[in-house]
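Below is one structure, written out as structure tokens; the observations come after it.
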Amino acid sequence: MQRGNQRFSPAALWGELRRRKVVRVFLGYGAVSLVLIEGANNVFPVLGVPDAASRVLVWVLLAGLPIAIFLAWRFDVVPDRGTDAAKIDPEPVDLPTDRIAVLPFRDMSAGKTDEYFADGLTEDIIAKLSTLPAFNVVSRTSVMGFRDTQESAAAIGRELRAGSILEGSVRRASERVRVVAQLVDVNTDRSVWTETYDRDLEDLLALQSDIATSVARGLQTSLTSEDEARLSAGSDADPKAYDLYLRARHLWNTRSVEGLRESRALLERARDLDPDYPAAHAALATSLATTGLYNLQPPDETMAAALAAAERALDLDPKFVEALNARGLVECIWKWEWDQGGRTFEEAIAASPSDVVARQWYALNCLAPQGRLTEAEAALQVARSLDPLSPIVRASEAFLAYLRRDMAQAREILDAVLADDAPPPIAYLFQGYIGEFQGRHEDARRAFRRARAVGGATVEALASLAANHALCGNEVEAQEMLEELLVIAARSYVSSGLIARVHAALGDWGQARERWREAVTSRSADLIWVGVSPMYDFARDRPVWREVVDAVGAYAPTDDP
Numbered sequence: 009m010q011r012g013n014q015r016f017s018p019a020a021l022w023g024e025l026r027r028r029k030v031v032r033v034f035l036g037y038g039a040v041s042l043v044l045i046e047g048a049n050n051v052f053p054v055l056g057v058p059d060a061a062s063r064v065l066v067w068v069l070l071a072g073l074p075i076a077i078f079l080a081w082r083f084d085v086v087p088d089r090g091t092d093a094a095k096i097d098p099e100p101v102d103l104p105t106d107r108i109a110v111l112p113f114r115d116m117s118a119g120k121t122d123e124y125f126a127d128g129l130t131e132d133i134i135a136k137l138s139t140l141p142a143f144n145v146v147s148r149t150s151v152m153g154f155r156d157t158q159e160s161a162a163a164i165g166r167e168l169r170a171g172s173i174l175e176g177s178v179r180r181a182s183e184r185v186r187v188v189a190q191l192v193d194v195n196t197d198r199s200v201w202t203e204t205y206d207r208d209l210e211d212l213l214a215l216q217s218d219i220a221t222s223v224a225r226g227l228q229t230s231l232t233s234e235d236e237a238r239l240s241a242g243s244d245a246d247p248k249a250y251d252l253y254l255r256a257r258h259l260w261n262t263r264s265v266e267g268l269r270e271s272r273a274l275l276e277r278a279r280d281l282d283p284d285y286p287a288a289h290a291a292l293a294t295s296l297a298t299t300g301l302y303n304l305q306p307p308d309e310t311m312a313a314a315l316a317a318a319e320r321a322l323d324l325d326p327k328f329v330e331a332l333n334a335r336g337l338v339e340c341i342w343k344w345e346w347d348q349g350g351r352t353f354e355e356a357i358a359a360s361p362s363d364v365v366a367r368q369w370y371a372l373n374c375l376a377p378q379g380r381l382t383e384a385e386a387a388l389q390v391a392r393s394l395d396p397l398s399p400i401v402r403a404s405e406a407f408l409a410y411l412r413r414d415m416a417q418a419r420e421i422l423d424a425v426l427a428d429d430a431p432p433p434i435a436y437l438f439q440g441y442i443g444e445f446q447g448r449h450e451d452a453r454r455a456f457r458r459a460r461a462v463g464g465a466t467v468e469a470l471a472s473l474a475a476n477h478a479l480c481g482n483e484v485e486a487q488e489m490l491e492e493l494l495v496i497a498a499r500s501y502v503s504s505g506l507i508a509r510v511h512a513a514l515g516d517w518g519q520a521r522e523r524w525r526e527a528v529t530s531r532s533a534d535l536i537w538v539g540v541s542p543m544y545d546f547a548r549d550r551p552v553w554r555e556v557v558d559a560v561g562a563y564a565p566t567d568d569p
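Counting the sequence shown from 1 gives a position; the numbering used here is that position plus 8.
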């Protein structure tokens with residue numbers, strides 16, 4: 009007998025009985041039944057209950073046993089935390105133990121005031137393990153969804169397709185910290201090792217290396233001298249600088265305007281406190297580069313500083329993956345040095361094969377603007393395997409499908425992303441682009457308004473809304489929104505490239521050319537999409553379109569979009 013493509017064997021049946029808790033139900037039911045029967049035999053005579061009652065109880069319990077077993081099998085309750093249960097194999101599987109998921113370490117402090125500290129420790133252990141070529145490490149985004157979960161390590165491992173789970177807790181008091189860590193083999197649901205670490209806060213960075221080393225040894229992985237050097241890198245940083253770094257990373261992960269601003273200030277303090285701490289320089293480079301990527305500040309105020317911070321981090325640690333990612337991003341979206349940026353991202357991937365950001369940024373900000381969409385898709389597929397629950401990676405896949413003009417696939421992927429509890433704001437922007445291309449203009453405008461409402465892409469959403477109205481002939485609405493955009497630009501940074509697109513959609517090609525030339529001079533990040541994105545198809549027959557594309561140098565125009 010077969011189920012799907014797998015042969016049904018006695019071993020598989022036994023494994024399935026265990027997974028569905030049938031064996032546990034059988035043993036538990038039997039134990040409770042024996043207690044009830046023994047109690048009845050002792051108590052019923054004292055109470056004058058007829059002997060027939062004991063026999064009835066036995067028959068009732070015997071009749072209930074197959075019902076309990078059936079219910080345990082039929083209603084296999086596997087917690088899914090919002091994930092379709094169909095995604096979890098009904099058959100027992102042999103998950104690779106070299107694929108590791110580091111679950112969020114629990115904050116055991118009074119009042120849960122050290123969440124940033126526990127999350128930072130989790131992220132740093134992920135980063136340490138990701139540098140080891142022997143391991144495939146599930147990325148941060150996927151594991152953070154399991155904070156405070158009630159699921160077992162085995163259930164989480166099946167969901168993430170990881171054969172090893174590292175979990176633990178952190179308690180900080182005064183100048184001491186206690187970390188309890190446990191490595192679980194998902195296939196056997198047994199602990200490989202458990203360790204309690206009591207350290208001074210000054211030794212926390214060395215502790216991360218110790219935990220990562222214990223994981224490797226627990227999985228019987230031999231570490232080379234180079235591996236050991238990677239794990240111990242940065243362990244001598246100033247503890248106060250490290251605390252500032254953790255607080256900054258916690259803020260950066262919000263991706264909000266205020267969060268990015270505050271994280272930058274904290275990282276500058278960490279850098280000044282310990283100038284030889286590569287992680288502080290690398291994180292500062294990332295904060296500055298993403299500020300430029302999101303068009304939140306003029307590129308000349310962020311990108312040169314981002315590149316300098318990345319270079320300083322690489323002077324201290326030539327294989328620091330976060331610094332390589334930041335440098336590659338700046339080389340592509342600001343310097344427009346596409347070949348050099350590609351080499352930098354490839355270097356980052358080689359330095360840390362499990363790093364999702366390296367693959368996602370390489371795909372979306374280097375390969376895709378050049379029209380190398382097949383290569384970009386391959387890079388994102390690897391990123392998806394490393395971070396299967398990441399909404400950003402899935403939204404990026406939808407955007408690539410949009411660039412390929414495969415709107416059916418783009419819409420299918422994006423609908424799944426938007427069904428999440430908290431989809432990234434940029435997903436609504438992508439939804440608007442897809443609707444506009446398909447001629448569903450009311451749906452597109454609704455998506456652009458939603459993107460404005462949830463924040464994170466406010467100015468770009470307003471520009472897209474204005475351009476859509478203009479292309480649909482709603483000139484009054486488009487002009488009103490353009491005026492609103494110009495008012496915003498008078499008090500804060502707005503890319504001239506966004507304003508140019510609205511002018512072009514209105515048919516004012518003189519103003520569009522002037523604004524696009526301003527954007528080229530300042531090297532606005534949005535210009536990398538002019539050559540490949542369908543949102544610029546209406547301008548492809550205009551000389552100014554080719555002028556911008558030639559200036560960016562990413563894409564070689566053809567007659568076909």
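No residue lacks a Cβ here, since even glycine has one placed at the ideal position from N, Cα and C.
Taking all protein chains shown into account, do 16 or more other C-beta atoms lie within 10 angstroms of the C-beta of S138, making it buried, or fewer, making it exposed?
Under a 10 Å Cβ-count criterion, S138 is classified as buried, with 16 or more other Cβ atoms of the shown protein chains found around its own Cβ.
So, with DSSP's three-state summary, where would you put A170?
Three-state result, A170: coil.
In whole angstroms, give me the CA-to-CA distance for Y302 and A465.
When only Cα atoms are considered, Y302 and A465 end up about 8 Å apart.
C-alpha gap between G12 and A162, whole angstroms:
Bear in mind that the predicted position of G12 carries a pLDDT of just 34, short of 50, making it too unreliable to give a figure here.
Alpha carbons only, please: which of A498, A497, V495, F438 is nearest the one belonging to S472?
With distances taken between Cα atoms, S472 lies closest to F438.
Could you tell me how far apart the beta carbons of Q177 and R114 are, in whole angstroms, since I believe they sit closer than 8 Å?
In the sequence under discussion, the amino acid at residue 177 is Ser, which differs from the Gln named in the question. A Cβ-Cβ separation of about 4 Å places S177 in contact with R114 under the 8 Å criterion.
If you follow the beta strand (DSSP E) that V188 is in, where does it begin and where does it stop?
Unbroken beta strand (DSSP E) run through V188: 184-193.
Measure the Cβ-Cβ separation of A288 and R279 and say whether it is below 8 Å.
Yes; because the gap between Cβ atoms is below 8 Å, this pair is in contact.
What is the DSSP secondary structure of G539, counted as helix, strand or coil?
Note: G539 maps to coil in three-state DSSP.
Whose C-alpha, out of E276, F445, I421, is nearest the C-alpha of C480?
When E276, F445, I421 are compared, the shortest CA-CA separation from C480 is found for F445.
For D325, which option in E354, A290, A409 has the closest C-alpha, if you only look at C-alpha atoms?
Measuring from the Cα of D325, the nearest candidate turns out to be A290.
Just the Cα atoms here: how many angstroms apart are L174 and R548?
Distance between the alpha carbons of L174 and R548 is about 52 Å.
Sequence-distant residues of the same chain with beta carbon closer than 7 Å to K136, five excluded per side
A distance below 7 Å between beta-carbons, with the five flanking residues on each side excluded, links K136 to the following residues of its chain, in chain order: Q216, S217, A220, L239.
Answer yes or no: do T105 and S182 have a C-beta to C-beta separation smaller than 8 Å?
Taking 8 Å as the cut-off, the Cβ atoms of T105 and S182 do not count as close.
Could you check if A118 is buried or exposed, using at least 16 other CB atoms within 10 Å of its CB as the buried criterion?
In the assembly as shown, A118 is an exposed residue. Its beta-carbon has fewer than 16 other beta-carbons within 10 Å.
Does the distance from the CB of R180 to the CB of D206 come in under 8 Å?
Not closer than 8 Å, so no.
Going by the CB atoms, is the gap between L304 and L254 shorter than 8 Å?
Between L254 and L304, the C-beta gap is not smaller than 8 Å, which leaves the two residues out of contact.
On the three-state DSSP scale, how would you describe R89?
Bear in mind that the predicted position of R89 carries a pLDDT of just 35, short of 50, making it too unreliable to give a figure here.
Residues near D92 by beta carbon distance below 6 Å, same chain, minus five either side:
Confidence at D92 is low in this model, with a pLDDT of 39, below 50, so the placement of that residue should be treated as unreliable; the coordinate-derived value is given next. Within the same chain, D92 has no close Cβ partners at all.
First and last residue of the uninterrupted alpha helix (DSSP H) at V528:
Its alpha helix (DSSP H) spans residues 517-530.
Cα-Cα separation, E276 to A461:
In a straight line, the C-alpha of E276 is about 31 Å away from that of A461.
Excluding sequence positions up to five away, which residues of its chain have a Cβ less than 6 Å from the Cβ of V364?
Contacts found: S147, A391, L394, D395.
Is it buried or exposed for R320, if we count other Cβ within 10 angstroms and need 16 for buried?
Flag for R320 reads buried.
Would you report the Cα separation of P306 and S504, rounded to the nearest angstrom?
The straight-line gap from Cα to Cα measures roughly 10 Å.
How many angstroms separate the CA atom of S271 from the CA atom of L252?
Distance between the alpha carbons of S271 and L252: 9 Å.
Going straight from the alpha carbon of A359 to that of S404, what length do you get?
Answer to the nearest angstrom: the Cα atoms are 23 Å apart.
At a cut of 8 Å, does the stretch 260-267 reach the stretch 222-229 through at least three beta carbon pairs?
Below 8 Å, too few C-beta pairs join the stretch 260-267 and the stretch 222-229 to call them touching: fewer than three.
Please report how far the alpha carbon of G165 lies from the alpha carbon of T202, in whole angstroms.
Approximately 18 Å between the Cα atoms of the pair.
As assigned by DSSP and simplified to three states, the class of Y285
Secondary structure at Y285: coil, using DSSP grouped into helix, strand and coil.
Report the residue ranges of all alpha helix (DSSP H) runs contained in full by the stretch 209-294; include only those spanning at least 4 residues, in chain order.
Unbroken alpha helix (DSSP H) runs of no fewer than 4 residues, entirely contained in the stretch 209-294, are found at 212-226, 233-240, 247-260, 265-281, following chain order.
Which residue or residues does DSSP assign as beta-bridge partners of N144?
Answer is R107, bridged to N144.
Under the DSSP definition of a beta bridge, which residues are partnered with Y205?
Looking at the DSSP assignment, Y205 forms a beta bridge with V187.
Buried versus exposed call for E309 [16 or more other C-beta atoms within 10 Å across all chains shown]
E309 should be labelled exposed.
Cα-Cα, which of T121, E159, R107 is closest to A142?
From the listed residues T121, E159, R107, the smallest Cα separation to A142 is found for R107.
Quick check: does the Cβ of Q190 come within less than 7 Å of any heavy atom belonging to the ligand NAP?
In the structure on display, the ligand NAP does not appear, and there are no ligands present to speak of.
Run the CB neighbour count on G518, radius 10 Å, all protein chains shown included, and call it buried at 16 or more, exposed below.
Burial call: exposed.
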